[in-house]
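These notes concern the structure reproduced below.
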Amino acid sequence: CYTLDVVGTALLGHNFHALQASKDSFVDHFNRVMSRIATPTRFIFPFLDDWFPRHAVLDDVNMLNARYDDLLNMKRQDLGHDLLSYLLEDSTLSSEELRSNLVILFSAGHKLMWQLSAGHNFRALSTAVYHLAKHPEYQSKAREEAQSVLTGRVEPTLRDLSNLPFLSACIKEALRINSPISLLPARWTL
Numbered sequence: 511c512y513t514l515d516v517v518g519t520a521l522l523g524h525n526f527h528a529l530q531a532s533k534d535s536f537v538d539h540f541n542r543v544m545s546r547i548a549t550p551t552r553f554i555f556p557f558l559d560d561w562f563p564r565h566a567v568l569d570d571v572n573m574l575n576a577r578y579d580d581l582l583n584m585k586r587q588d589l590g591h592d593l594l595s596y597l598l599e600d601s602t603l604s605s606e607e608l609r610s611n612l613v614i615l616f617s618a619g620h621k622l623m624w625q626l627s628a629g630h631n632f633r634a635l636s637t638a639v640y641h642l643a644k645h646p647e648y649q650s651k652a653r654e655e656a657q658s659v660l661t662g663r664v665e666p667t668l669r670d671l672s673n674l675p676f677l678s679a680c681i682k683e684a685l686r687i688n689s690p691i692s693l694l695p696a697r698w699t700l
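Position 173 of the sequence shown, counted from 1, bears residue number 683 in our numbering, the numbering being contiguous throughout.
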């Protein structure tokens, strides 16, 4: 829970108070929705949702989306130095795109919290390292790019990210191949 609060504060500029999660907290609501939509029967037979729609589940998903929208509206009033604030400053993103990004960031933070508490490795990072190791030419290119931007420094800054397009592409590809959201299967391009 502590990790979700850290990720929420750092990426979203919002403390979800996961350590003090109440029955109807944001975290509890998210967990309830995820458990209700992630039923094996519906994964195996998705057409069942067309034949037998789960109205209560859809209502719960809509209520969670409204909570995400409320968080976005609240954040618009108090921009900070976090990733969500930077996304809100981007005038090219629609409201739906902003909410989708917020959902992914929250889900990734929630997944990170689960991974740390369960002792699992970071799948996306492992995927990136694995593929860079399999392709030394890309590993060299990413390393050279990072070294040229860091110029002797040990840690990158937020400003450095815009100067690391190849490394950013490697990370995005690792996230595409092996999503941090456990409900999504790994995706491979043939």
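Quick reminder that beta carbons are idealized off the backbone N, C-alpha and C, glycines included.
{"Item": "Whole-Å CB distance - residue 586 paired with residue 567, under 8 Å assumed", "Value": "29 Å between Cβ atoms; not a contact."}
{"Item": "Buried or exposed by the 16-neighbour rule on C-beta atoms within 10 Å, applied to residue 515", "Value": "buried"}
{"Item": "Rounded straight-line distance, which links the Cα of residue 605 to that of residue 536", "Value": "20 Å"}
{"Item": "Beta-carbon proximity of residue 570 to residue 543, cut-off 8 Å", "Value": "yes"}
{"Item": "Beta-carbon spacing of residue 656, residue 668 below 8 Å", "Value": "no"}
{"Item": "C-beta contact flag for residue 540 and residue 574 at 8 Å", "Value": "yes"}
{"Item": "Anticipated Cβ contact below 8 Å, residue 685 with residue 678, distance rounded", "Value": "Rounded, the Cβ-Cβ distance is 11 Å, inconsistent with contact."}
{"Item": "Whole-Å CB distance - residue 581 paired with residue 597, under 8 Å assumed", "Value": "Their Cβ separation, rounded to whole angstroms, is 12 Å, which puts residue 581 and residue 597 out of contact at 8 Å."}
{"Item": "Short Cβ contact (8 Å threshold) for residue 615 with residue 642", "Value": "no"}
{"Item": "Secondary structure, alpha helix (DSSP H): runs of 4+ residues fully inside the stretch 659-689", "Value": "675-687"}
{"Item": "Classification of residue 518 by the beta-carbon crowding that lies within 10 angstroms, buried from 16 upward", "Value": "buried"}
{"Item": "Bounding residues of the alpha helix (DSSP H) (the contiguous stretch that carries residue 530)", "Value": "First-last for residue 530: undefined, no H or E at that position."}
{"Item": "Cβ neighbours of residue 666 in the same chain (closer than 8 Å, five flanking residues each side left out)", "Value": "656, 659, 660, 674"}
{"Item": "Boundaries (first-last residue) of the alpha helix (DSSP H) holding residue 552", "Value": "550-554"}
{"Item": "Residue 537: CB within 7 Å of a non-hydrogen atom of the ligand HEM", "Value": "With respect to the ligand HEM, the structure shown offers nothing to examine, as it has no ligands at all."}
{"Item": "Alpha-carbon to alpha-carbon, residue 636 and residue 591", "Value": "28 Å"}
{"Item": "Counted within 10 angstroms of its Cβ, other Cβ atoms place residue 652 as buried (16 or more) or exposed", "Value": "buried"}
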